[in-house]
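In what follows, a structure is listed as structure tokens, so that the remarks can point back to it.
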């Protein structure tokens, strides 16, 4: 050890550069020498801070690590204040249509020829949002916007600027206008040049020839790696054959790899999707009120499908035989009340997952970092018609990683069950060879749920004395069905639900990374942060500083044991039961976290270090240091308390209950010190949200994914607020509420370069 420490600190920092952020935290607790190495190296601090912020580094950035770290701190500090001061109006010189997209620092708006009416989209305009903050005299509107006109009507677009500098535009052109028989094509354009993308072997992908009537279809297109996922819902009158078509292309080769066609009467019909990875897609299924997870990695690796031989007299070349997209796992959503019906589901998860770095075609040298797609949250809007013919909108948020983890665990459980049924595993040995409890499902969506609560479909098959000849056939048939995970076994701990209004939910680009923005009726902009690592750090920082969360004006904590119950149009809170159970492993991680904090404080550093593991990170349960709790060694914890404002004499209560909260001020917000209301209101939501009882859900519907909500008053009257990376986009609409009239940009934390 002494020999290593004799090396120059610069060399030690170079060696430590190859460690993970978690290893760096362990390293700095080894001795004061290594603590000094980690604290003094901007490169190592940047690795830690990137993880805490839920970001990934842009390796092509020309900025040095110290400058990237400074920018990251400024951005995160500005988000903590919801600082909207860096504001500019984006000039519009065209009539925006209903088509738009927002991703990778680029805003796309369609153009219609007439200022009035609901005419279609004839061309598209794009703008790099950061360029709008430059001197408007040097960057007039006609230079900010790029215009692209393909000479065909546009019906949808897709952007992959960050990864591929790619703009995909979907057009239609009539082959027989009298019969409304049209060709649907996807044009692959290099965004920076407006020319056909050089990485695409086929710059124009022909989707199909269909009966098409403008305004009677919905199209969705997303790109991840080499995967282009295209969905068409055709509402053409009297069309009954294949109205719902999903095709997944390799956009670089132009070959379709896998597809799916479904009828509107199909119990597995869908009208939106989210790419969880370049080879996995999530399909919200409307009739069954569930989410299908479909993996198509084998189809991507297979040779391209061959087209059948053309027959004489065929007017069109036959389409290739595309393999059928298969369901890997089904995640059930909350059961609906009898008579309630899901009309529509829309979803998005921004940014899209990235493919291998070698497949990327875009080189961005200005942006120092991006939101980590692997940690991003998916937003899902459910439009539910109630028995009394009224319609309400419910919004669910869940980490992309949670969906992937749930599907993986379900498949592992099914494989374990199948192997156990075939006698290849002992009751206490898992498929990986590790010893595990004799429970029906040991992959454990919730570690503390007892065996009887698990879905029997996921349990190992029974081996009773019944000699019925059909038993083996039935078991084999069940084994071949994709596993289905009940809502109660995955949903409450991994999601958060909100009740919404229609205007705000027609814009789907309201999340980026782990942040979700929305406007409420209180004329405030609300930012919800689902970054579990940042939430944990926030609690520990404030506890260590002697100002527990909730002690400042405008702060509020809904503790673990609380339930926030909301009926439509009203909200109340109640505290029920005790604290949630915690895993011993999480306690050990918290000890490491607190040790790192204290070591950092003793060292005299200003910035506190990152937490050791994610509070939830898409999977697992909420875990905080619980004073008085029994740890993994059977010892009670009496020190290192993590608390918020309240009665700290009761060590079992690490967070406030309603009785401990300070009295509310005139505005209804906590006013601890009698001072005037602050500009930023903060709520840390650790408890459960309960929606119901209502005519939408079968009983009360709970969700418990923790988040921090920050809100500020806004003077502008926005219809909705969108977000992309560190820019919030405020939209003002015309008098009819149909078209965008004005776009206001708020850059959080100033320039990134």
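Numbering (full-length UniProt numbering), first residue to last: 1 to 753. Every residue gets a Cβ at the ideal spot worked out from N, C-alpha and C, and that includes glycine.
Exercise for the section: Could you check what DSSP says for residue 176 in three-state terms: helix, strand or coil? Expected result: strand
Problem - Proximity of residue 556 and residue 388 at Cβ, strictly below 9 Å - result: no
Handout entry: Cβ separation of residue 9 and residue 40, assumed to be a contact under 8 Å, to the nearest whole Å
Key = 7 Å
Problem - Assumed close pair residue 745, residue 723 - CB separation to whole angstroms, cut-off 8 Å - result: Residue 745 to residue 723, Cβ: 11 Å. No contact.
Practice task
Take residue 743 and list the residues in its own chain whose beta-carbon comes closer than 6 Å to its own, dropping the five residues that flank it on each side.
Solution key: 90
Practice task
Take residue 291 and list the residues in its own chain whose beta-carbon comes closer than 6 Å to its own, dropping the five residues that flank it on each side.
Solution key: 282, 284, 331
Practice task
Indicate whether the contact test is met: 3 or more Cβ pairs, each with one atom in the segment 86-101 and one in the segment 118-129, closer than 8 Å.
Solution key: yes
Practice task
Would you kindly check if the distance between the Cβ of residue 328 and the Cβ of residue 294 is under 9 Å?
Solution key: yes
Practice task
Please classify residue 78: is it buried, with 16 or more other beta-carbons within 10 angstroms of its beta-carbon, or exposed?
Solution key: buried
Practice task
Please classify residue 158: is it buried, with 16 or more other beta-carbons within 10 angstroms of its beta-carbon, or exposed?
Solution key: buried
Handout entry: Backbone CA spacing between residue 362 and residue 55 [nearest angstrom]
Key = 18 Å
Exercise for the section: Answer with buried or exposed for residue 223, where buried requires no fewer than 16 other C-beta atoms within 10 angstroms of its C-beta. Expected result: buried
Problem - residue 347, buried or exposed, once every other Cβ within 10 Å from all chains shown has been counted against 16 - result: buried
Problem - Residue from 685, 714, 229, 391 whose Cα sits closest to the Cα of residue 703 - result: 685
Practice task
Within 10 angstroms of the Cβ of residue 736, are there 16 or more other Cβ atoms? Answer buried if so, exposed if not.
Solution key: exposed
Practice task
In the DSSP assignment, find the beta strand (DSSP E) that holds residue 733 and state where it starts and stops.
Solution key: 727-733
Exercise for the section: Check residue 20 in the structure and name its three-state DSSP category. Expected result: coil
Exercise for the section: Would you check if the distance between the CB atom of residue 251 and the CB atom of residue 211 is smaller than 9 Å? Expected result: no
Exercise for the section: State the DSSP-derived secondary structure class of residue 65, mapped to helix, strand or coil. Expected result: helix
Problem - Per-residue burial, residue 466 [other beta carbons within 10 Å of its own, 16 or more giving buried] - result: With a pLDDT of 44 at residue 466, under the threshold of 50, the modelled position of that residue is not reliable, and no figure is offered here.
Exercise for the section: Look at residue 260 and residue 394 and say whether their C-beta atoms are less than 9 Å apart. Expected result: no
Handout entry: Where residue 505 falls: helix, strand or coil (DSSP)
Key = helix
Practice task
Check whether the Cβ atoms of residue 58 and residue 279 sit closer than 9 Å, and answer yes or no.
Solution key: no
Handout entry: Span separating the alpha-carbon of residue 109 from that of residue 734
Key = 15 Å
Exercise for the section: Would you kindly check if the distance between the Cβ of residue 216 and the Cβ of residue 183 is under 9 Å? Expected result: no
Problem - Contact under 9 Å by Cβ, residue 511 with residue 701 - result: no
Practice task
On the DSSP bridge assignment, give the partners of residue 370 in chain order.
Solution key: 56
Exercise for the section: Using the DSSP secondary-structure output, state which residues sit across from residue 205 in a beta bridge. Expected result: 186
Problem - Three-state secondary structure (DSSP) of residue 133 - result: helix
Problem - Buried or exposed by the 16-neighbour rule on C-beta atoms within 10 Å, applied to residue 248 - result: buried
Exercise for the section: Tell me whether residue 422 is buried or exposed, calling it buried when 16 or more other Cβ atoms sit within 10 Å of its Cβ. Expected result: exposed
Handout entry: residue 339 and residue 113 closer than 9 Å at C-beta
Key = no
Exercise for the section: Could you check the C-alpha separation between residue 300 and residue 324 for me, to the nearest Å? Expected result: 12 Å
Handout entry: Coil, strand or helix - residue 412 by DSSP
Key = helix
Exercise for the section: Measure the beta-carbon distance from residue 554 to residue 678 and round it to whole angstroms, keeping in mind my assumption that it falls under 8 Å. Expected result: 4 Å
Practice task
Under the assumption that residue 712 contacts residue 525 (Cβ atoms under 8 Å), give the Cβ distance between them as a whole number of angstroms.
Solution key: 6 Å
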